[in-house]
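Residue numbers (UniProt numbering), protein chains in the order written: chain A, 1 to 220; chain B, 1 to 220. What follows is one structure encoded as structure tokens, with my remarks underneath.
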DNA sequence: AACCTGAGTTAGAGCTTCTAACGTATGTGA
DNA sequence: TCACATACGTTAGAAGCTCTAACTCAGGTT
């Protein structure tokens, strides 16, 4: 960003404005009704002009997803930094809370990341890295709690596969299993909540979420 | 279906054909690329002709979702009937297996039910009833296992709210909590699996799913 | 046999993404 | 300071979509 020409700065700014408008539209009427024409109008230009900034609708969506992963990772890591030094159980609870708050503050965005996948979308490498970043934040405190192997085969698969990948991060299989389990449980509650499936059931999803987190901690 | 006129029978058949074609299309390219024109072509007629059968694209989608809920409920209940009399833990495992198999056999359909919601869609009453049917199948064996209250406030909310609803079904709060927890955990694993989020992680999701079910049983 | 109803047709409005061709403004090198 | 290259935004248009309107035609009923 330092040695960017004036043109490049303005261009980047326009891209950001377009993405912001896109998010507003998605929040208002869902991802399927995202229209480049409408975004253009919001920015004060015609639809085709946006093709100077994005290869097409799919690329715009892909970028929104990528941004989302990074934003979520940042939110979780920030929450993690704020509770450094505290007991692992408390840190896990803080991370989980940050995860949930991010999702509920912008449900449409959470669904963009974890809802029905966009057909043409394939996660770029740095997106996977952002996801790994989020998971790692949880793994750190979990490692302090993880006890003996509970599901040997699953833990073995996780340990060997993730060790091969990015140069042996050194997480124990039991820790990784707790991480993945925590992820699926958080997502299970959050996705159904965000999609409104609990609406007619008359209970507070926050309690269920908390219960899941506490169960996870207790089981470790 | 007995005293239906010939016309009505043919009409119903055409509707079914259209829905089958729609499912094929969704399976091939996702829900967003569902096109009435293309369905018409597949049935050997033009696009607008389908408006004689469905009020529009949204109604067709809504109907596919409704059908899905009923189909899923049937699959789970059938599996439940097949293991009647067996110990509750085994019955739960059988139900969970049926649930998973249904989802994996037709991932696009599972996502239609539990992925990003279609904007205009509001679940009709009989759909909610189908969902309740599925949940109840799990509640029966869970009730035999449910122990003392573990999350009092959550269980109280569930018991009172669902008691008010359909004329007191009589499930204990602890049972209901286990049911909802089981649902979110199954969904957590399944939705991430179906969306391909585990693809780069190199472990068998079936093991994670099993582990979740066994944990649930053990915790009850 | 005459009629009514329902199914399918084409035409067209209004939207979408996206390409192509065209002007214009902007920042840079001579 | 002037000329030029490049980037930016425009309009036009193709191909697709949903959905409405008007029309034709075949089936079943009276």
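Using N, Cα and C, we set each Cβ at its ideal position, and we do this for glycine too.
Interface residue (Cβ-Cβ distance to chain B less than 8 Å): residue 189 of chain A is classified as such.
Residue range 57-82 is occupied by the alpha helix (DSSP H) that includes residue 75 of chain A.
Leaving aside the five residues that flank residue 98 of chain A on each side, the residues in its chain whose CB is nearer than 6 Å to its CB run, in chain order, 75, 76 and 79. For residue 85 of chain B, no Cβ of chain A is located within less than 8 Å of the residue's own Cβ. Using a CB distance below 8 Å, the part of the stretch 27-39 of chain B facing chain A consists of 29, 30, 31, 32 and 33, ordered along the chain. Contact annotation, residue 65 of chain B with residue 110 of chain B: C-beta distance approximately 11 Å; criterion of less than 8 Å not satisfied. The Cβ neighbour count for residue 10 of chain A, taken over all protein chains shown within 10 Å, is under 16; the residue is labelled exposed. Contact residues of the stretch 40-67 of chain B toward chain A are absent (C-beta to C-beta distance below 7 Å). C-alpha of residue 40 of chain B to C-alpha of residue 50 of chain B: approximately 7 Å in a straight line.
Looking from the CA of residue 25 of chain A, the closest CA among A:43, A:13, A:182 and A:8 belongs to A:43. Here residue 126 of chain A is exposed, its C-beta having fewer than 16 other C-beta atoms within 10 Å.
A buried status is given to residue 157 of chain A, since no fewer than 16 other beta-carbon atoms sit within 10 Å of its beta-carbon. Taking a contact as a CB-CB distance under 8 Å, the pair residue 53 of chain B and residue 18 of chain B counts as one, their CB atoms being some 6 Å apart. Assigned with DSSP and collapsed to three states, residue 44 of chain B falls in coil, not helix or strand. Counting along the chain, the unbroken alpha helix (DSSP H) around residue 88 of chain A starts and ends at 88-105. When B:8, B:35, B:199 and B:95 are compared, the shortest CA-CA separation from residue 134 of chain B is found for B:95. Neighbourhood of residue 157 of chain B in chain A, by CB distance below 8 Å: 202, 203, 204 and 207, in chain order. Under the three-state reduction of DSSP output, residue 141 of chain A falls in the helix class. For residue 148 of chain A, the secondary structure class from DSSP, reduced to helix, strand or coil, is coil.
Shown here for residue 46 of chain A: same chain residues with a beta carbon closer than 6 Å to its own, the five before and five after excluded, namely 40 in chain order. The stretch 187-202 of chain A and the stretch 178-187 of chain B touch, with three or more beta-carbon pairs separated by less than 8 Å. Inclusion of residue 208 of chain A and residue 194 of chain B in the CB contact set at 8 Å is not warranted, their separation being larger than that value. In this structure, residue 196 of chain A sits away from residue 161 of chain B, with a CB-CB distance that is not shorter than 8 Å.
Its chain contains 118 as the residues whose beta carbon lies nearer than 6 Å to that of residue 61 of chain B, once the 5 sequence neighbours on both sides are disregarded; these appear in chain order. In the structure shown, residue 209 of chain B falls within a helical segment according to DSSP collapsed to helix, strand and coil. Here the alpha carbon of residue 16 of chain B sits roughly 50 Å from the alpha carbon of residue 12 of chain A. What residue 151 of chain A touches in chain B, judged by beta-carbon distance under 8 Å, is 207 and 211, going in chain order.
The continuous alpha helix (DSSP H) containing residue 191 of chain A extends over residues 173-194. Restricting attention to A:138, A:153 and A:108, the CA atom closest to the CA of residue 171 of chain A is found in A:138. A direct Cα-Cα distance of roughly 11 Å separates residue 216 of chain A from residue 216 of chain B. If you ignore the 5 residues before and after residue 176 of chain A, its C-beta comes within less than 8 Å of the C-beta of 139, 155, 158, 159 and 162, all in its own chain and listed in chain order.
One Cα belongs to residue 214 of chain A, the other to residue 6 of chain A, and the distance between them is close to 52 Å. Residue 14 of chain B: member of the alpha helix (DSSP H) spanning 6-29, first to last residue. The three-state secondary structure of residue 162 of chain A, taken from DSSP, is helix. Those residues of the stretch 70-81 of chain A placed with their C-beta closer than 9 Å to a C-beta in chain B do not exist.
At a cut-off of 8 Å between C-beta atoms, residue 170 of chain A does not count as an interface residue with respect to chain B.
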